[in-house]
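Residue numbers (the numbering used here), protein chains in the order written: chain A, 831 to 1263; chain B, 831 to 1263; chain C, 831 to 1263; chain D, 831 to 1263. Just so you know, even glycine gets a beta-carbon here, dropped at the ideal spot from N, CA and C. Here's the structure, in structure tokens; my notes come after.
There are 4 protein chains.
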Amino acid sequence: MIPRYSRPEMTTIWSPESKFRIWFEIEAHACDALAELGVIPKSAAATIWEKGKAAEFDVDRIDEIERETKHDVIAFLTHLAEIVGPDARFVHQGMTSSDVLDTCFNVQLVKASDILLADMDKLLEAVKKRALEHKDTITIGRSHGIHAEPTTFGVKLAFAYAEFERCRTRLEAAREEIATCAISGAVGTFANIDPRVEEHVASAMGLKAEPVSTQVIPRDRHAMFFATLGVIASSVERLSVEIRHLQRTEVLEAEEYFSPGQKGSSAMPHKRNPVLTENLTGLARMVRSYAMPAMENVALWHERDISHSSVERMIGPDATVTLDFALARLTGVIEKLVVYPETMLANLNKFKGLVHSQRVLLALTQAGVSREDAYRLVQRNAMKVWEDGKDFLTELLADKDVRAALSEEDLREKFDLGYHTKQVDAIFKRVFG
Amino acid sequence: MIPRYSRPEMTTIWSPESKFRIWFEIEAHACDALAELGVIPKSAAATIWEKGKAAEFDVDRIDEIERETKHDVIAFLTHLAEIVGPDARFVHQGMTSSDVLDTCFNVQLVKASDILLADMDKLLEAVKKRALEHKDTITIGRSHGIHAEPTTFGVKLAFAYAEFERCRTRLEAAREEIATCAISGAVGTFANIDPRVEEHVASAMGLKAEPVSTQVIPRDRHAMFFATLGVIASSVERLSVEIRHLQRTEVLEAEEYFSPGQKGSSAMPHKRNPVLTENLTGLARMVRSYAMPAMENVALWHERDISHSSVERMIGPDATVTLDFALARLTGVIEKLVVYPETMLANLNKFKGLVHSQRVLLALTQAGVSREDAYRLVQRNAMKVWEDGKDFLTELLADKDVRAALSEEDLREKFDLGYHTKQVDAIFKRVFG
Amino acid sequence: MIPRYSRPEMTTIWSPESKFRIWFEIEAHACDALAELGVIPKSAAATIWEKGKAAEFDVDRIDEIERETKHDVIAFLTHLAEIVGPDARFVHQGMTSSDVLDTCFNVQLVKASDILLADMDKLLEAVKKRALEHKDTITIGRSHGIHAEPTTFGVKLAFAYAEFERCRTRLEAAREEIATCAISGAVGTFANIDPRVEEHVASAMGLKAEPVSTQVIPRDRHAMFFATLGVIASSVERLSVEIRHLQRTEVLEAEEYFSPGQKGSSAMPHKRNPVLTENLTGLARMVRSYAMPAMENVALWHERDISHSSVERMIGPDATVTLDFALARLTGVIEKLVVYPETMLANLNKFKGLVHSQRVLLALTQAGVSREDAYRLVQRNAMKVWEDGKDFLTELLADKDVRAALSEEDLREKFDLGYHTKQVDAIFKRVFG
Amino acid sequence: MIPRYSRPEMTTIWSPESKFRIWFEIEAHACDALAELGVIPKSAAATIWEKGKAAEFDVDRIDEIERETKHDVIAFLTHLAEIVGPDARFVHQGMTSSDVLDTCFNVQLVKASDILLADMDKLLEAVKKRALEHKDTITIGRSHGIHAEPTTFGVKLAFAYAEFERCRTRLEAAREEIATCAISGAVGTFANIDPRVEEHVASAMGLKAEPVSTQVIPRDRHAMFFATLGVIASSVERLSVEIRHLQRTEVLEAEEYFSPGQKGSSAMPHKRNPVLTENLTGLARMVRSYAMPAMENVALWHERDISHSSVERMIGPDATVTLDFALARLTGVIEKLVVYPETMLANLNKFKGLVHSQRVLLALTQAGVSREDAYRLVQRNAMKVWEDGKDFLTELLADKDVRAALSEEDLREKFDLGYHTKQVDAIFKRVFG
């Protein structure tokens, strides 16, 4: 997480101020439940809420106390006591630091997920808009980087849409994974705190109670969360790589938007680089890499150790901030993507008409020519296109052996691009409903 | 995937024989649909089924043809033609190799998932059985590897149960991810094949039609699948590491089963090593590592390239076979785990009664002693236990300042282990219902 | 490691036969040293060598014994005793299984390294040959996939040569890392075996004695080894991706060799796919992924645990066999690479002469035109090339403002491609000496 | 990289101020070389040095210009021009941004390496000191977490010393990898800049000239660099895990230092947690994870793309700052580690004398008892120790069958711990010379 690749709404989640505010809410909700259960006075719970809500927590002061106590939660509670007064002694009754820390981390991840889901919705909207716009924009489909058969640019985007919809579903499942709360005390036995406190806090914070925790919330949940972010980042990479390919000088079927005043890096007006999607490719590598330490975090020792903590202090912000930035950047790229339908057509026709050779081959076989002969006939005409730049249809029309099997009308019909796009409606119906 | 860590049911899925059988089924089901649509004769479809079903595909013969054609699907189709006869020319109409390869790979992954789900059920059953058995077996809970507060061995296992139940849910979602079928022809446009063929094959093979494919089934699905396996493997590691810890010479609260005749590695009868769970720790590292190439596979170029293929030929078998083996091995370890409740109790009491010091501290404060004084009182008695091996309760009872605040009865009550386990029923209810 | 991506010389290293042969040699060399030290009779050592050397170890028999003893080294020693007779009791005196297993693993890795080094030499030779051949073959250099400035195809290959030379140096260092031998007994204290035995075996097997081992050879060595293989695989990927780019339909400056009889996947003669380099891209992902579990293997518990073993049984063969195959395949691709210098030139001139715009700009500023004016002058002519397909030099020559600063001769000189390649000799001298 | 796990000396390297200072030095040294070659006036070079050296670069101002130009190097050069005046037009002649950026990144990595090397020296010193101190401190060696044979705590540390010495050597090699400079202009052809400029700048900045670059310095160098850091982090993890194990309540042979006033997390005086080494375990996971994106960065497209940039802006600081912090923290842990030799001895004797059973077994066989009988004799006495807490030597002395083969003196001699440590001097000589 570095400012260059960060957006404020997401980084705010990870600020000390946000963290302490969440800590306070967890403690105050717990007080409500404890008061309801008669463990602490109701008036105390009310005071804690009132004073804590009004206060701004002083991060420097808390840091100062932590330098002394070497314990962040105690430092916060001490500062809270400075604000709340004597009733502060009713805060944190029967709880452990992990109850606060782990529940807070999950609250932060849930908030981050909500931003990511909104990001995804915007990305989906942008992709859909451009897909509909280019539903019938003919372009060549490529396998292995080599021309294959025609498709439309809209179909390419429909594919991305379907992929990001899957990503959205995964993100929702990932959010669900970490939307839990644990207030279970030392080693998770509830010895000093009633499970009903946990249920209350969970509900108040928009979470579910963790069915069984061991002081810490189990880290397989977080492993799944960060692994999912890694998969989503890989899909960001996929669309980014597609755009980088399309913007290559020799292809130039689409390119990232350049503002009017913007200059390329040199005097050459064609020197517009797909720097945004290259950047996204790198960011995807980063988000993906965070999945590994998250998985290594699962096997904590016994009821818990604290090795996960340093990892999460890093990847919590790093993964969510970076993916948020990446999704927003990709949305912008798609929204403003400059598309060149004429170049698409020109590229498709690079080898004049050759893209239809397979259909001619099939037509010949269907007309009774053996497959071997048909292949030979097609190939000898194709070679003139390939090597001498001739027009494929013209050559075929002039080939007696071909004409023995196929009429001019037959042949012309095989050069209809519409043949390849006749199912585009069906595909769009599947994807966009 | 090596024989030492493989089980036949799973490896069979990945045999050439299985693969060719699935290829045949995909082709034959497609023929049914093509016949239904009137594209090929119904009699041809019937013949293809009849002859293909009866035949055993000759792997050596197919390999021989592949050496010539350098194309595995063509080699198979050629061999199929040798079996089916003239009607074979109606096979594979309008399809691409990817239609067969990708659908087959997903069929194999679905079959593998089904085995893994069954493995998981057995593991859950074993964990549950031992959890119920040891619901009330008192043991020390540990944070940071250091004694914390008492819990029960059953609660430890309940925790594992909840974790593997989450893993099961994730595995089902992962199975769903890859349970799709694509029969969409070159670059996925259905130009040469009706989408209804895809729908028929999908349904016949127990899959869903891929909403939009680009000749290949999108690899974000597989990335999610293998990432999920990596998370599950990490949970296998967690429970394995727990057992390795419990079997340490100094702890020895549980150990892997050793058969009567089995000898440790030397003359020392205590030399029983937790080799199975150590092995599982290593296998987890492997399964986890396969998530990375699976994620890198997502960003194929344009409609498809073939870089994913070599990766999947390896990690398809490697990840599923290894995880299957690991789940089964872990199940065996849990089923036969030798548990030593007396050692658990002895370890818990290593520092005589000290485990109750926190309750005494709380009782003192509740009795009106200031927190600072209470801490001092507890600590000066605790030190005698810690350094001189005295009994904590005896020392407290003899301390006048303590007794000024707490009666003997009060003090004795604080040494009740039941205090820590009073919520075990509630926890079990949450986990096992 | 699957047969499709394996070469026999490398797989042989990992066969049971090879392993048992190495085990025998370690044991027999140890016997020599023990005999020299007077611990066992010299005649016994002689007999062990004589009988063991002549014998073929029966893998099935050893497996059979292992099923009984559940210990692979004991199974081997038992079988060896069947071959050697009574003198077998002098084998393995004071040694542990790890002494044999770890030293053997390192012998295997050293042998594998030697093959990889030979592979690398062949690759370097192939790259050098083609680099020299195309030293002066003009081609466009690309940044961001966008045309930048001219270079030569030989320079591109010189770059690859320099990279693989670095890889060779790294591979030698990696070989050095794992070329160690440990014969140090339980927990590595030499309590039951003299360090001179270790020194003798090390020297006899072409290894160095591990300065200090803990029953096992430390796994940071292996982590470094496999990480290095991952880096090398990434360089294989780099050159492979370059070729995949060059073979794209729109670029087509080079392509993988297709044998005369070979057919593309369809009737289209241009449909030649860069399947070998795509395959190499996938294989690189695999080799890279093995670095992670190798690093996780480092932190074994105390003097040793056995969690590394399952990992190494997999990645030992997987990483070396796959990289060997990849290096050989890449060598073949380079040797036979079909290069199209005319297309290179045509691509370079896609925008007629525009590639020289930067030099014209510099010349204008050097002739006293302000940078802003110069940019404007260049751009207005460049736009005619870019948008209307005009010839850049023609336009410049016809532009009065340009001509006010630069003569025709001046301008023509700026269109000299030789300007860009004048340092090629210097670069080649640096790389090839 | 977060403040909590950062040390100022290392973070300073990555500050904007440091970066701009290095950029300036690269440009200024290049001017010297250009002046020497007569390309620019010597007086200009002198002015540039003089003014630039005296100036403080205004990061906010540069950021402001970058927001306009969207190009960081141009922004810097513009700001430099504001400082230097008209002579600034002679700066950056014939260079590209990459020349500055890549050379600067390598300068930063070299500086970071130098700090890491110094860290490593301090760690080695600390480990050596404690190793010598505990050279003869008897402790049990453990395999699989199970007691094996005696060793000394000094030998354990000698092992760590040897491992970190290897890490130091690797770190030096990694430093060498990235200690290169490229000033080669667009696509690395030196068309607009003389190679002698590169040589001068390289030498002036303490680097070597990159033999052949492609506008960018090849990223296999950086992959190797970050992979090496990952391996080193894994060794940090190994020693940290050892300490975590030793500090377990049941083992407690050593523990991290707690300052006198420091309190554990609760009233229990034994509740001292190995939080520093747990933290190091997590940090190791992070440093390790950065190796993957670094390897993925290698395969840039053609002469270069910019996907590596976002990765390196993150892992450059993240990996070096985190490893620096980890090495320093580990050094502190080792320096202050509290070692309990008496507990080590007590643990070793947990099963009274049983640790010597292997020697008794060997002695019996050497005295002519068959191996099977010897095993039976040892085991029947060992079982009394294992199950009934008897003393092993006492039992053996009372066993007639044992005594038939071994005298009391013989038996007593087998219980000499010195037997296991007799080679400690030899091991220390190997490690410490």
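- DSSP places Arg1026 of chain C in the uninterrupted alpha helix (DSSP H) bounded by Pro1025 to Ala1034.
- In this chain, Ile976 of chain C is not harboured by any alpha helix (DSSP H); it is covered by the beta strand (DSSP E) spanning Ile976 to Thr982.
- Pairwise C-beta distances place the segment 1043 to 1061 of chain A out of contact with the segment 848 to 860 of chain C, as fewer than three of them are shorter than 8 angstroms.
- Assignment of beta-bridge partners to Ala860 of chain A by DSSP yields no partner.
- If you draw a straight line from the Cα of Ala1121 of chain C to the Cα of Tyr1087 of chain C, it is about 32 angstroms long.
- Under the DSSP assignment, Thr1173 of chain A falls in the alpha helix (DSSP H) whose first and last residues are Pro1171 to Leu1178.
- Between Thr1152 of chain C and Arg1000 of chain C, the alpha-carbon positions lie close to 18 angstroms from each other.
- Gly971 of chain A and Val1017 of chain B do touch by the CB rule: their CB atoms are close to 3 angstroms apart, below 8 angstroms.
- Contact note: Ser1065 of chain B reaches chain A through Asp1050 and Val1128, using a C-beta cutoff of 7 angstroms and chain order.
- Listed along chain C, no residue sits closer than 9 angstroms to Ala1158 of chain D by beta-carbon distance, the nearest being about 19 angstroms off.
- Between Ile856 of chain C and Ala885 of chain C a beta carbon distance of about 16 angstroms is seen, past the 8 angstroms cut, so the two are scored as non-contacting.
- It is roughly 10 angstroms from the alpha-carbon of Phe1222 of chain D to the alpha-carbon of Arg1210 of chain D.
- One finds Pro1123, Ser1140, Val1141, Met1144 and Ile1145 in chain B with Cβ atoms closer than 8 angstroms to the Cβ of Met1116 of chain C, taken in chain order.
- Rounded to the nearest whole angstrom, the CA to CA distance from Phe920 of chain B to Thr877 of chain B is 11 angstroms.
- Contact note: Asn1177 of chain B reaches chain D through Thr1079 and Glu1080, using a C-beta cutoff of 9 angstroms and chain order.
- Here DSSP, grouped into helix, strand and coil, assigns Thr1019 of chain C to coil.
- Between Asn1177 of chain A and Glu1072 of chain A, the gap from beta carbon to beta carbon reaches 9 angstroms or more.
- Bounds of the alpha helix (DSSP H) holding Arg1210 of chain D are Arg1201 to Asp1218.
- The Cβ of Asn1103 of chain B sits closer than 9 angstroms to at least one Cβ of chain C.
- The beta carbons of Val1042 of chain C and Asp932 of chain C sit about 13 angstroms from each other, so the pair does not count as a contact at 8 angstroms.
- DSSP lists C:His977 as the bridge partner or partners of Arg972 of chain C.
- In the three-state reduction of the DSSP assignment, Thr999 of chain C falls in the helix class.
- Boundaries for Tyr835 of chain B: no alpha helix (DSSP H) harbours it, and the DSSP string shows neither H nor E there.
- Listed in chain order, the non-local C-beta contacts of Ala1032 of chain A below 7 angstroms within the same chain comprise Cys1011, Lys1038 and Ala1039, local neighbours out to five positions each way being set aside.
- Distance from the Cα of Trp1131 of chain C is smallest, within the candidate group D:Glu1029, D:Pro1025 and D:His974, for D:His974.
- DSSP places Gly868 of chain B outside any alpha helix (DSSP H), giving it a letter other than H or E.
- For His977 of chain D, a Cβ of chain B is located within less than 9 angstroms of the residue's own Cβ.
- The C-beta of Arg834 of chain B has fewer than 16 other C-beta atoms within 10 Å across all chains shown, which makes the residue exposed.
- Apart from the 5 residues on each side of it in sequence, Lys958 of chain D sits with its Cβ closer than 7 angstroms to the Cβ of Tyr991 and Phe1262 in its chain, given in chain order.
- According to the DSSP assignment, Ile1136 of chain D belongs to no alpha helix (DSSP H), since it is labelled neither H nor E.
- Put simply, the CB of Lys872 of chain D is far from chain C, with every gap to its CB atoms at 9 angstroms or more.
- In the three-state DSSP reduction, Glu1165 of chain A falls in the helix class (H, G or I).
- Minimum Cα-Cα distance from Gly915 of chain D among the listed residues D:Trp879, D:Gly924, D:Glu896 and D:Phe935 corresponds to D:Trp879.
- Selection A:Glu995, A:Arg891 and A:Thr969 evaluated against Lys986 of chain A yields A:Thr969 as nearest (Cα-Cα).
- Taking C-beta atoms under 8 angstroms as the contact rule, Pro1123 of chain D and Ser1119 of chain A qualify, at a distance of about 5 angstroms.
- In its chain, beyond the 5 residues on either side, Gly1015, Ala1016 and Gln1045 have a beta carbon closer than 7 angstroms to the beta carbon of Thr926 of chain C.
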